[in-house]
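To start, the structure itself, in structure tokens.
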Amino acid sequence: MWLTSSSIGRKLIMSITGACLVLFVTFHVLMNSVAILWPAAYNTVCAFLGANWYALIACAGLALLFVIHILYALVLTMQNRNARGADRYAVTSTPKSVEWSSKNMLVLGIVVVAFMVVHFIQFWYKMQCQEILGHHFYETETGLLLPVTAGTAFIQLAFQEWWTLVVYLVGFAALWLHMNHGFWSMFQSAGWNNTTWLPRLKKISCAWTTIVIGLFAVQAVWFAYQAHNGEYFKNTELKNQYIEQVGKVFQERFNAIQQSAKSQYDQEAMKQMQDLRQEFMAVMEKYNQLGKEEEKAAAVEETPATPEAPAQNDTTVVNQQPANN
Ligand code: HEM
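For the sequence shown, the positions run -13 to 311 when my numbering is used.
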């Protein structure tokens, strides 16, 4: 097939997959903005895009795009190297028009992939992957149960580590160079390379890439600042949102035991409900402690401190009996 057998066809595939990936990162940066403007709404969007069928189809499509883009990048690089043979080591006077990034697309791509591995471990693995595995919570090192759809809680976990910001900024720099070059060269591969349009397309690519990557960088700095202050754990609205989601899951488990109980006096069911209640209270206790350290530190800094309203951790899970069936 021409698309896969010819060099131009392969470049076209790189361009099409690249264009889709550019659209994805543009959507992603806009979605991240929600986490800055309305953090609670961001969690609602995360829940909407969780492991629902439409999100899973979109993710599978996205993964396929990444795989094709990376595989073809490797094939094209090998082809170019073979075509150049030993000459690639010879000192050549490279034309000025060949930019540094165009010669280093593979290296830049590898840095972007390395960033994405870290990113996936910090977010995707703890969120959507857990949901796919049928888990409702991700348990932190301190034993806190976080609902897997609470995006801001995972922003807190990721960006409270100082090195996260460094890794992300390096990743963004590589992504800027990679995307900027890839963006206009895709028009070139598509044959849109006349002398009037190519300089214009280069400017458009540069502007688009700079806005998207610039926004990512500003967001990462903001998240790191907020996480450093423990904002995503001590903010009452967010905390109540996490607690509500945890409460819902416990309530469902509770209802399931209630419904499977043989009678109102089913000892086994009563024991299970008692254990569940205790487990729930232990989880709530952890939530009550959440963000307290940062609050104490803030109170010392800006006295007099205003006491914050206690988190609403009351749910109907407590004080229920098995159904009388
Ligand atoms: C400040 C920077 C960023 C933050 C805070 C962030 C945050 C997130 C979050 C919360 C998720 C959702 C995980 C889930 O629901 O499973 C996610 C997924 C993802 N992110 Fe990012 N992201 C950032 C930058 C980037 C960049 C620069 C790229 C691409 C180069 C990227 C690629 C992805 C991909 C491919 C996914 C998986 C999408 C899916 O589940 O369908 N992210 N990110």
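All C-beta atoms, glycine included, are put in the ideal place defined by N, C-alpha and C.
Quiz item: Contact check, A210 vs F140 under 8 Å by CB: the rounded distance?
Solution: Numbered from 1 along the sequence shown, position 224 holds the residue referred to as residue 210. Numbered from 1 along the sequence shown, position 154 holds the residue referred to as residue 140. Taking C-beta atoms under 8 Å as the contact rule, A210 and F140 fail to qualify, at a distance of about 14 Å.
Practice problem: Return yes when at least one heavy atom of the ligand HEM lies under 7 Å from the C-beta of I141, else no. | Solution: One-based indexing of the sequence shown puts residue 141 at position 155. Within the cutoff, so yes.
Quiz item: Under a three-way DSSP split, which group does Y228 fall into?
Solution: The sequence position of residue 228 within the sequence shown is 242, counting from 1. Residue state, collapsed to three classes: helix.
Quiz item: Which residue comes first and which comes last in the alpha helix (DSSP H) that contains L201?
Solution: To locate residue 201, count along the sequence shown from 1; it is residue 215. In this chain, the alpha helix (DSSP H) harbouring L201 covers 183 to 214.
Exercise. Examine the ligand HEM and report whether any of its heavy atoms sits within less than 7 Å of the Cβ of W149.
Key: Taking the sequence shown and counting its residues from 1, the one referred to as residue 149 is at position 163. Shortest gap from the CB of W149 to any heavy atom of the ligand HEM: 7 Å or more.
Self-check item: Same chain, Cβ closer than 8 Å to Y218, five either side skipped, listed in chain order
Solution: Against the sequence shown, residue 218 aligns to sequence position 232. So the qualifying residues of the chain are P25, T138, A139, I141, Q142, Q212, L224.
Quiz item: So what's Y40 in DSSP terms, helix, strand or just coil?
Solution: As a working mapping, residue 40 is identified with position 54 in the sequence shown. Helix, per DSSP.
Self-check item: Nonlocal neighbours in the same chain, by C-beta distance under 8 Å from L62, ignoring five residues either side
Solution: Within the sequence shown, numbered from 1, the residue matching residue 62 stands at position 76. Exclusion of the five residues before and after L62 leaves S(-7), R(-4), K(-3), M0 as the residues of its chain whose Cβ lies within less than 8 Å of its Cβ.
Practice problem: Please confirm whether H55 and T3 have their CB atoms less than 8 Å apart. | Solution: For the purposes of this step, residue 55 is taken as residue 69 along the sequence shown, with counting starting at 1. For the purposes of this step, residue 3 is taken as residue 17 along the sequence shown, with counting starting at 1. Yes.
Quiz item: Per DSSP, which one or two residues make a beta bridge with F123?
Solution: Along the sequence shown, one-based indexing puts residue 123 at 137. DSSP lists P133 as the bridge partner or partners of F123.
Quiz prompt | Cα-Cα separation, K248 to Q237 | solution = Within the sequence shown, numbered from 1, the residue matching residue 248 stands at position 262. Within the sequence shown, numbered from 1, the residue matching residue 237 stands at position 251. Per the coordinates, the alpha-carbon of K248 lies some 19 Å from the alpha-carbon of Q237.
Practice problem: Measure the CB-CB distance between F158 and F202 and report whether it falls below 8 Å. | Solution: For the purposes of this step, residue 158 is identified with residue 172 of the sequence shown, where counting begins at 1. For the purposes of this step, residue 202 is identified with residue 216 of the sequence shown, where counting begins at 1. In terms of Cβ geometry, F158 and F202 form a close pair [threshold 8 Å].
Quiz item: Which class does V277 belong to by DSSP, given the choice of helix, strand or coil?
Solution: By 1-based counting over the sequence shown, the position of residue 277 is 291. Reading off the sequence shown, one finds Gly at residue 277, where the question assumed Val. In the structure shown, G277 sits in coil (DSSP, three-state: anything other than H, G, I, E or B).
Quiz item: What residue range is occupied by the uninterrupted alpha helix (DSSP H) comprising Q114?
Solution: Here residue 114 is taken as the residue at index 128 of the sequence shown, counted from 1. Taken as a continuous stretch (DSSP letters only), the alpha helix (DSSP H) holding Q114 covers 114 to 118.
Quiz item: When we look at the beta-carbon of Q264 and count the other beta-carbons within 10 Å, is it buried (16 or more) or exposed?
Solution: For the purposes of this step, residue 264 is taken as the residue at position 278 of the sequence shown. Q264 should be labelled exposed.
Quiz item: Just how far apart, CA to CA, sit V31 and N66?
Solution: Stepping through the sequence shown from its first residue, residue 31 is reached at position 45. Stepping through the sequence shown from its first residue, residue 66 is reached at position 80. Roughly 43 Å between the two C-alpha positions.
Quiz prompt | Same chain only: Cβ atoms within 6 Å of M259, ignoring 5 sequence neighbours per side | solution = In the sequence shown, counting from the first residue as 1, residue 259 sits at position 273. Take M259, set aside five residues on each side of it, and the residues of its chain with a beta-carbon closer than 6 Å to its own are I243, in chain order.
Quiz item: Under a three-way DSSP split, which group does N90 fall into?
Solution: Looking up residue 90 in the sequence shown gives position 104. The answer is coil: DSSP assigns N90 none of H, G, I, E or B.
Quiz item: Got a sec? Which residues, its chain only, sit under 6 Å from L187 by beta carbon, not counting five neighbours each side?
Solution: Reading the sequence shown from its first residue, position 201 is the one you call residue 187. Only W170, F173 meet the Cβ criterion.
Quiz prompt | Cα-Cα separation between F52 and M113, rounded to whole angstroms | solution = Within the sequence shown, residue 52 is the residue found at index 66, counting from 1. Within the sequence shown, residue 113 is the residue found at index 127, counting from 1. Going by the C-alpha atoms only, they are around 20 Å apart.
Quiz item: By a C-beta neighbour count over all protein chains shown, 10 Å radius and 16 as the cutoff for buried, is K278 buried or exposed?
Solution: Here residue 278 corresponds to residue number 292 of the sequence shown, with the count starting at 1. Under this definition K278 is an exposed residue.
Quiz item: Apart from the five residues just before and just after A5, which ones in its own chain have a Cβ nearer than 7 Å to its Cβ?
Solution: Indexing the sequence shown from 1 puts residue 5 at position 19. Counting only Cβ-Cβ distances below 7 Å, and skipping sequence neighbours, we find M172.
Quiz item: Is Y58 helix, strand or coil by DSSP?
Solution: What you label residue 58 is simply residue 72 of the sequence shown in a count that begins at 1. Here Y58 sits in helix by DSSP.
Quiz prompt | A149 versus Q275, A27, F13, H214, residue with shortest Cα-Cα distance | solution = In the sequence shown, counting from the first residue as 1, residue 149 sits at position 163. Contrary to the premise, residue 149 reads as Trp rather than Ala in this sequence. Ranking Q275, A27, F13, H214 by Cα distance to W149 puts H214 first.
Self-check item: Outcome for T182 when other beta-carbon atoms lying within 10 angstroms are tallied against a minimum of 16
Solution: Position 196 of the sequence shown holds residue 182. With a threshold of 16 other beta carbon atoms within 10 Å, T182 falls short and is exposed.
Exercise. Would you mind working out which of Y111, N221, A100, A21 sits nearest A37, comparing C-alpha positions?
Key: The residue given as residue 37 occupies position 51 in the sequence shown. Per the C-alpha coordinates, the member of Y111, N221, A100, A21 positioned closest to A37 is Y111.
Self-check item: Proximity winner among Y228, V235, V134, S246, relative to L276 (alpha-carbon distances)
Solution: As a working mapping, residue 276 is identified with position 290 in the sequence shown. The candidate whose alpha carbon is nearest that of L276 is Y228.
Exercise. Count the other CB atoms, across all protein chains shown, that sit within 10 Å of the CB of Y58; report buried if there are 16 or more and exposed otherwise.
Key: What you label residue 58 is simply residue 72 of the sequence shown in a count that begins at 1. Around the beta carbon of Y58, a 10 Å sphere encloses 16 or more other beta carbons of the protein chains shown; the residue is thus reported as buried.
Exercise. Enumerate in chain order the residues of its own chain whose CB-to-CB distance from V11 is below 7 Å, with the five nearest sequence positions on each side excluded.
Key: Here the question's residue 11 lines up with position 25 in the sequence shown. Close CB contacts of V11 within its chain, under the 7 Å cut and outside five residues either way in sequence, are with V198 (chain order).
Exercise. Taking 8 Å as the cut-off, decide whether the C-beta atoms of A41 and L50 are in contact.
Key: As a working mapping, residue 41 is identified with position 55 in the sequence shown. As a working mapping, residue 50 is identified with position 64 in the sequence shown. No, they are not a contact pair.
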